[in-house]
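Below is one structure, written out as structure tokens; the observations come after it.
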Amino acid sequence: CSLQARNYHVMYQVVLWFTILQGCCFQGFHYAVYIFLNATGLLVGTLDAVLDSTSKVAPFRILHQTPDSQVYWSIACGSSREEITEHWDWLEHNVMKTLSVFDSNEDITSFVQGKIRGLIAEEGKGSFVKEEDPEKFREGLMKFEKCFGLPEQEKLVTYYSCSYWKGRVPCQGWLYLSTNFLSFYSFLLGAEIKLIISWDEISKLEKTSNVILTESIHVCSRGEDHYFSMFLHISETFLLMEQLANYAVRRLFDKETFENDLVLHDPLQITKRGLESRAHSEQFSAFFRLPKEETLKEVHECFLWVPFSHYNTHGKMCISENYICFASQDGSLCSVIIPLREVIGVDKGDPANRGVSISTKGKTAFRFTEVRDFEQLVAKLRMKCNATSSPQHINTEVTALLILVSYYLFLGISLCSLTKSLRAIVSVLLCNAIHLYLSLNLDTRWLKEKMKEQSWNILFVERGHGVSMFRTKKTRDLVVRGIPEALRGELWLLFSGAVNVMASNPGYYTELVEKSFGTCTLATDEIERDLRRSLPEHPAFQSDTGISALRRVLTAYAYRNPQIGYCQAMNILTSVLLLYAKEEEAFWLLVAVCERMLPDYFNRRIIGALVDQAVFEELIRVHLPQLTDHMSDMTFFSSVSLSWFLTLFISVLPIESAVNVVDCFFYDGIKAILQLGLAVLEYNMEKLLTCKDDAEAVTVLNRFFDSVTNKDSPLPPAVQQGSSLSDTKSDHPKVDITDLIRESNEVCVLVGMFSHPMQCLHRMGYLKNSLRVVSQDVKFSPGDLEELYELFKKEHFLSCYWNVNSPVLQHHDASLPYLEQYRIDCQQFRVLCHLLSPWSHCANRDSLALWTFRLMDESSDCLINFKQFACVFDTMYNGSFTDKLKLLFKLHIPPGR
Numbered sequence: 001c002s003l004q005a006r007n008y009h010v011m012y013q014v015v016l017w018f019t020i021l022q023g024c025c026f027q028g029f030h031y032a033v034y035i036f037l038n039a040t041g042l043l044v045g046t047l048d049a050v051l052d053s054t055s056k057v058a059p060f061r062i063l064h065q066t067p068d069s070q071v072y073w074s075i076a077c078g079s080s081r082e083e084i085t086e087h088w089d090w091l092e093h094n095v096m097k098t099l100s101v102f103d104s105n106e107d108i109t110s111f112v113q114g115k116i117r118g119l120i121a122e123e124g125k126g127s128f129v130k131e132e133d134p135e136k137f138r139e140g141l142m143k144f145e146k147c148f149g150l151p152e153q154e155k156l157v158t159y160y161s162c163s164y165w166k167g168r169v170p171c172q173g174w175l176y177l178s179t180n181f182l183s184f185y186s187f188l189l190g191a192e193i194k195l196i197i198s199w200d201e202i203s204k205l206e207k208t209s210n211v212i213l214t215e216s217i218h219v220c221s222r223g224e225d226h227y228f229s230m231f232l233h234i235s236e237t238f239l240l241m242e243q244l245a246n247y248a249v250r251r252l253f254d255k256e257t258f259e260n261d262l263v264l265h266d267p268l269q270i271t272k273r274g275l276e277s278r279a280h281s282e283q284f285s286a287f288f289r290l291p292k293e294e295t296l297k298e299v300h301e302c303f304l305w306v307p308f309s310h311y312n313t314h315g316k317m318c319i320s321e322n323y324i325c326f327a328s329q330d331g332s333l334c335s336v337i338i339p340l341r342e343v344i345g346v347d348k349g350d351p352a353n354r355g356v357s358i359s360t361k362g363k364t365a366f367r368f369t370e371v372r373d374f375e376q377l378v379a380k381l382r383m384k385c386n387a388t389s390s391p392q393h394i395n396t397e398v399t400a401l402l403i404l405v406s407y408y409l410f411l412g413i414s415l416c417s418l419t420k421s422l423r424a425i426v427s428v429l430l431c432n433a434i435h436l437y438l439s440l441n442l443d444t445r446w447l448k449e450k451m452k453e454q455s456w457n458i459l460f461v462e463r464g465h466g467v468s469m470f471r472t473k474k475t476r477d478l479v480v481r482g483i484p485e486a487l488r489g490e491l492w493l494l495f496s497g498a499v500n501v502m503a504s505n506p507g508y509y510t511e512l513v514e515k516s517f518g519t520c521t522l523a524t525d526e527i528e529r530d531l532r533r534s535l536p537e538h539p540a541f542q543s544d545t546g547i548s549a550l551r552r553v554l555t556a557y558a559y560r561n562p563q564i565g566y567c568q569a570m571n572i573l574t575s576v577l578l579l580y581a582k583e584e585e586a587f588w589l590l591v592a593v594c595e596r597m598l599p600d601y602f603n604r605r606i607i608g609a610l611v612d613q614a615v616f617e618e619l620i621r622v623h624l625p626q627l628t629d630h631m632s633d634m635t636f637f638s639s640v641s642l643s644w645f646l647t648l649f650i651s652v653l654p655i656e657s658a659v660n661v662v663d664c665f666f667y668d669g670i671k672a673i674l675q676l677g678l679a680v681l682e683y684n685m686e687k688l689l690t691c692k693d694d695a696e697a698v699t700v701l702n703r704f705f706d707s708v709t710n711k712d713s714p715l716p717p718a719v720q721q722g723s724s725l726s727d728t729k730s731d732h733p734k735v736d737i738t739d740l741i742r743e744s745n746e747v748c749v750l751v752g753m754f755s756h757p758m759q760c761l762h763r764m765g766y767l768k769n770s771l772r773v774v775s776q777d778v779k780f781s782p783g784d785l786e787e788l789y790e791l792f793k794k795e796h797f798l799s800c801y802w803n804v805n806s807p808v809l810q811h812h813d814a815s816l817p818y819l820e821q822y823r824i825d826c827q828q829f830r831v832l833c834h835l836l837s838p839w840s841h842c843a844n845r846d847s848l849a850l851w852t853f854r855l856m857d858e859s860s861d862c863l864i865n866f867k868q869f870a871c872v873f874d875t876m877y878n879g880s881f882t883d884k885l886k887l888l889f890k891l892h893i894p895p896g897r
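The sequence shown begins at 1 in the UniProt record's numbering and counts up by one.
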């Protein structure tokens, strides 16, 4: 008998189990009782099995624990001794025998976790029908409608049995997830608990743990913290909650979602299976940097043979319409992307190992084993590959000669010698010019550059070259050191995923250049203004050749995406892209950055950058609390770091150092920028803590950026921006960019918690900050104004969810400021007016509400925005006696006068 007791102030947690089986790192237990007692021994709460007859805890469990760890991992559960013994026998034959090959306990735990999670994923594929029992769901729907009294249009997506924690006491009940709300209901021991939280009110959503709960879901809404725990399905529940919260915010912020997204356009069509499928597809395309149109079709737990390491790595094979991808789950950080256009053969391997072999045009064979239903998979892949054409990339005649022109200037060759025939041989001449310059300057930097190239060439030989190469920890280490000049453009295309989109759209850029030629718009005017401000010190942009290429790329993109058009900072980013990539390649890199890697960054409101800055501020609070305490206003970090995010540090770092940051960005995404930003602040912590004002802090950071160098850069002195500072800034210690990036990767581990759904939640915080604009025109306190806005937003939300054809959606204009975009109609205003107005109980309240709405509806489109709404109620409650009389007089003036 095993008895464990922990004293939590005034409460004791008592767990009784009987040990029935024991083996290498595993123990089998029989459950006796699990109760909560207070200091006097009285019962104050229990787990699911005690008070919820519909959700019983399995009485038998198998736990995994390594000798040097105090943490137990739940491996299996069963309702009978026979069932748990069957699980135990399987572990003995399939897991325990292989544990001896591992060198460390961490590897053992990682292997066991990956194996069990893989089994759960495979078994879960066929469990949808059982879980989605129509009769059981109908019963849950009736309880949902009865308990919460929400409008009948509210769509229940799914529900779970769970515990809601009030302090350290669990309240067992049911968690309901619907299109509009997160709801919880419990009625135990005569106490009723009812909780309704709108998705748009959630400011924090995360999985967390503490001394009592090994894992729970933390929801923060309007300053209140809520914790939910469950024995099963916690990851599934959290995923659905993220999706619903994400969709709620997207409905408020993205006009396209109202028009083009079939699911969001009709929320009544949202289902649990659809949400899960969509979430997995979004994670799949984001992780592998694939086009957003790719949909995850199949996932297979398997092993991939890693030839250069001579072992099989465990992971998942993910298959979409046009790609086969693999990601390891054993900590080796190995991933592979295989476009079907590159596949030339799919064969069955050894039937005993259930193997699948895939051959590509690059003469690389990928061998997968332990694939369930491998024969059917081979047949499907063969059919896909035969039906998939292999579009060959057609090089456009519109190419950039930027690097070529730059190096010709260094060699003293006149641009007049470049004839029209150069376009046909530009790829060969470009490499010759670069290598010719480097060979004429045989110094240590050139030798280091050659050593870098050699390291990458060895990597290519071992792990493959091109889109289907093995990507491992070594790949990332080489990226952190800086990509060689000769390989930078190619690897940027590869790591960003732009190479796949470009291969799927041959000739597209050429057509855009032709269509956009000669167009005259606001975007083209702004582009012309900024052309010569783009890296003006670089020789490549001191000629018409470079300026013309930059103009074509920016104009073509503005034509492609008029919703973004052109935004300042795009010119700086595109200039750097053109230094290392041909014109068409630079265009597709810009598409990848603006539309996939940094969505909503480059538009009029730069909302994406502002949201990521909110995430950055939160990371500063967690990671650098001393700096947070010293700064009286956290908005300082937003103002100073905006250019860091918009230009990927290009505008503040010397060009030879900034390109290393861009290397890491294309490999790691926005996480690289967040990590580097934290590292910069941490490096200057002591100096920033002595600053008396913001101006002094800005000076400290600017001097630091000026001192950042790239000692390995092979660029000529005429190009390097940091070289001219070596004498004037000698009193400031030099910082090598490679060391800075390496430190940012080692220290800033908390950035790994960053996720895209949390970006969407931070948008709500940004929207609330916009209330400051309205607060200047009214006398309401910030708290009252926020309460007023919550009510207004609720009514707007209802029109988005429950009435797809409402005039609110039909007249939605994303070009307006946010507080003017979201509006309510006369009926919605009447509801709020009856709730808030001083005359809500008078006989003529409906007429007064109609007249008030008519007075505010200046555009005569039967809609009003929040600013108009707030101003009229401000007059009612905070206006002078004269202002109130004027309002009543205006209400009684007939229409048209």
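Where a beta carbon is used, it is the ideal one built from N, C-alpha and C, also for glycine.
Under DSSP, the beta-bridge partners assigned to H314 are F303.
Contact between C664 and V480 holds: their C-beta atoms lie close to 7 Å from each other, under 8 Å.
Between S775 and A248, the alpha-carbon positions lie close to 25 Å from each other. Annotated as proximal: I84 and F60, with beta-carbon spacing under 9 Å. Assignment of beta-bridge partners to Q172 by DSSP yields S163.
Nearest in C-alpha terms to N684, of all of D693, L674, A697, I673, is A697.
Per the coordinates, the alpha-carbon of R854 lies some 10 Å from the alpha-carbon of L848. The C-alpha of H64 lies about 6 Å from the C-alpha of Y72. For the pair K316 and E215, the Cα-to-Cα distance works out to about 24 Å. A distance below 6 Å between beta-carbons, with the five flanking residues on each side excluded, links H630 to the following residues of its chain, in chain order: L689.
By the Cβ criterion, the segment 481 to 490 is not in contact with the segment 518 to 531, since fewer than three pairs of Cβ atoms, one from each stretch, lie closer than 8 Å. For V343, the enclosing beta strand (DSSP E) covers residues 343 to 348. Around the beta carbon of D777, a 10 Å sphere encloses fewer than 16 other beta carbons of the protein chains shown; the residue is thus reported as exposed.
No Cβ-Cβ contact shorter than 9 Å links I234 with V157. C171 is the residue among K204, C171, L182 whose C-alpha sits nearest the C-alpha of E192. Of V356, E298, E537, V378, the smallest CA-CA separation from S651 is found for E537. Taking one beta carbon from each stretch, the segment 345 to 361 and the segment 369 to 382 have 3 or more pairs nearer than 8 Å; the two touch.
In the DSSP assignment, S183 forms a beta bridge with Y176, I196. Note that the C-beta distance between A672 and E743 is not below 9 Å. By DSSP's assignment, S359 forms a beta bridge with G345, A365. One alpha carbon belongs to C77, the other to Q283, and they sit about 30 Å apart. Contact between I606 and N660 is ruled out by a C-beta separation of about 25 Å, above the 8 Å threshold.
Here the alpha carbons of N865 and L832 stand approximately 13 Å from one another. With fewer than three CB-CB distances shorter than 8 Å, the segment 458 to 471 does not count as touching the segment 562 to 579. Collapsing the DSSP output to three states places G78 in a strand.
In the displayed model, H87 falls within a helix according to three-state DSSP. The beta carbon of R552 lies closer than 6 Å to those of V513 in the same chain, with the five residues before and after it left out. Around the beta carbon of S496, 16 or more other beta carbons lie within 10 angstroms, which makes this residue buried. Here DSSP, grouped into helix, strand and coil, assigns N603 to coil.
If you look at L681, you'll find it in the alpha helix (DSSP H) that goes 670 to 683.
Contact check for E321 against K292 fails: the beta carbons are separated by 9 Å or more. By the 16-neighbour rule on beta-carbons within 10 angstroms, G677 is buried. Within the DSSP bridge table, the entry for C325 names C318, I337 as partners. Your pair L340 and K384 checks out as a contact, with CB atoms roughly 6 Å apart and the cut at 8 Å. Distance from the Cα of G546 is smallest, within the candidate group Y559, L522, L578, for L578.
The three-state secondary structure of S496, taken from DSSP, is helix.
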